[in-house]
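For reference, the structure discussed in these notes is given below.
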Amino acid sequence: MPGLSNNLLKGARLMLIGERQLARELLVSSLKQAGAGTTIHGPAHEMLQRLAEFKPQMIFCEYDMEPLNGCSCVQHMRKHKVETPVVMLVHKGDAAAVTRSKAAGADQVIQIPFTVADVLATVRRIVSPDPTPKRRELYFGD
Numbered sequence: 006m007p008g009l010s011n012n013l014l015k016g017a018r019l020m021l022i023g024e025r026q027l028a029r030e031l032l033v034s035s036l037k038q039a040g041a042g043t044t045i046h047g048p049a050h051e052m053l054q055r056l057a058e059f060k061p062q063m064i065f066c067e068y069d070m071e072p073l074n075g076c077s078c079v080q081h082m083r084k085h086k087v088e089t090p091v092v093m094l095v096h097k098g099d100a101a102a103v104t105r106s107k108a109a110g111a112d113q114v115i116q117i118p119f120t121v122a123d124v125l126a127t128v129r130r131i132v133s134p135d136p137t138p139k140r141r142e143l144y145f146g147d
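Plus 5 on top of the position in the sequence shown (first one is 1) and you've got the working numbering.
Take a look at the structure:
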């Protein structure tokens, strides 16, 4: 793909919390294109137990999981002072899931199904945020 940087995640340690194999495979492939290093994946309880030892630099988490859903995972991490950026994977068109994910503490949301470009754009927003705040103008009177 033209214009994709294979150094965007240059060697980063990533964690994928989820159960869907197809989504995981596409996500891992996309992240490798961005230069990701070590990527571990598995169900919520297992990954939450491995947070301290693995120290991921970015976490991808499925919204719909059982018995512990994505929002519960993110809330658990934030409660335990895990400040690692979290990207929640939600089904396209589920506005309520997007809202709940953000409220739980997710930094970004990717809608399923997603493309490699979607993943890379989301990662880019996290690792290279726009340093200049948007200018807002206020007008008073006529």
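All C-beta atoms in this analysis are idealised placements derived from N, C-alpha and C, irrespective of residue type, glycine included.
Computed from a predicted structure; not experimentally measured.
So what's residue i in DSSP terms, helix, strand or just coil?
{"i": "Val121", "result": "helix"}
{"i": "Thr127", "result": "helix"}
{"i": "Gln38", "result": "helix"}
Suppose you measure from the CA of residue i to the CA of residue j; what does that come to, to the nearest Å?
{"i": "Pro61", "j": "Gln26", "result": "20 Å"}
{"i": "Gln116", "j": "Leu32", "result": "12 Å"}
{"i": "Leu73", "j": "Arg130", "result": "27 Å"}
{"i": "Ala122", "j": "Val132", "result": "15 Å"}
{"i": "Gly8", "j": "Gly98", "result": "Note on Gly8: pLDDT 43, under 50, position unreliable in the model; the coordinate value appears next. Distance between the alpha carbons of Gly8 and Gly98: 28 Å."}
{"i": "Pro134", "j": "Lys86", "result": "22 Å"}
Enumerate in chain order the residues of its own chain whose CB-to-CB distance from residue i is below 6 Å, with the five nearest sequence positions on each side excluded.
{"i": "Lys15", "result": "Gly40"}
{"i": "Gly110", "result": "Val79 and Arg83"}
Taking residue i as part of the alpha helix (DSSP H), name the residues at either end of that continuous run.
{"i": "Leu104", "result": "The question names Leu, yet the displayed sequence has Thr at residue 104. Thr104 -> alpha helix (DSSP H) spans Ala100 to Ala109."}
{"i": "Leu94", "result": "No alpha helix (DSSP H) holds Leu94; the beta strand (DSSP E) holding it covers Val91 to His96."}
{"i": "Ala49", "result": "Ala49 to Phe59"}
Indicate, with yes or no, if the ligand GTP has a heavy atom lying under 6 Å from the CB of residue i.
{"i": "Leu53", "result": "Because no ligand of any kind appears in the structure shown, any question about the ligand GTP cannot be addressed here."}
With residue i as the anchor, note down where its beta strand (DSSP E) starts and where it stops.
{"i": "Met82", "result": "That residue, Met82, is in no beta strand (DSSP E); its alpha helix (DSSP H) goes Gly75 to Lys84."}
{"i": "Met70", "result": "Met70 -> no beta strand (DSSP E), and no H or E assigned at all."}
{"i": "Leu21", "result": "Leu19 to Ile22"}
{"i": "Val87", "result": "Counting along the chain, Val87 falls outside any beta strand (DSSP E), and DSSP gives it neither H nor E."}
Within the same chain, show all residues whose beta-carbon is closer than 7 Å to that of residue i, passing over the 5 residues directly before and after it, in chain order.
{"i": "Gly2", "result": "The shown model of the chain, from 6 to 147, leaves out residue 2, and the question about it has no answer."}
{"i": "Thr127", "result": "Val92, Gln113 and Ile115"}
{"i": "Pro48", "result": "Glu24"}
{"i": "Thr44", "result": "Leu19, Leu21, Val33 and Leu36"}
Spatial neighbours of residue i within its chain, please: C-beta separation below 8 Å, excluding the five flanking residues on both sides.
{"i": "His46", "result": "Met20, Leu21, Ile22, Gly23, Arg29, Val33 and Met52"}
{"i": "Ser106", "result": "Tyr68, Gly75, Cys76, Val79, Met93, Val95 and Val114"}
Among the candidates the options, whose CA atom is the shortest distance from the CA of residue i?
{"i": "Met82", "options": "Leu56, Asn12 and Pro48", "result": "Leu56"}
{"i": "Met4", "options": "Thr120, Leu13 and Val121", "result": "This structure leaves residue 4 out entirely; the chain is present only between 6 and 147."}
{"i": "Ala108", "options": "Glu58, Met70 and Cys76", "result": "Cys76"}
{"i": "Phe119", "options": "Leu94, Thr104, Val103 and Asp69", "result": "Leu94"}
{"i": "Thr89", "options": "Ala102, Met70, Phe59 and His50", "result": "Phe59"}
{"i": "Ala102", "options": "His85, Cys66, Pro134 and His50", "result": "Cys66"}
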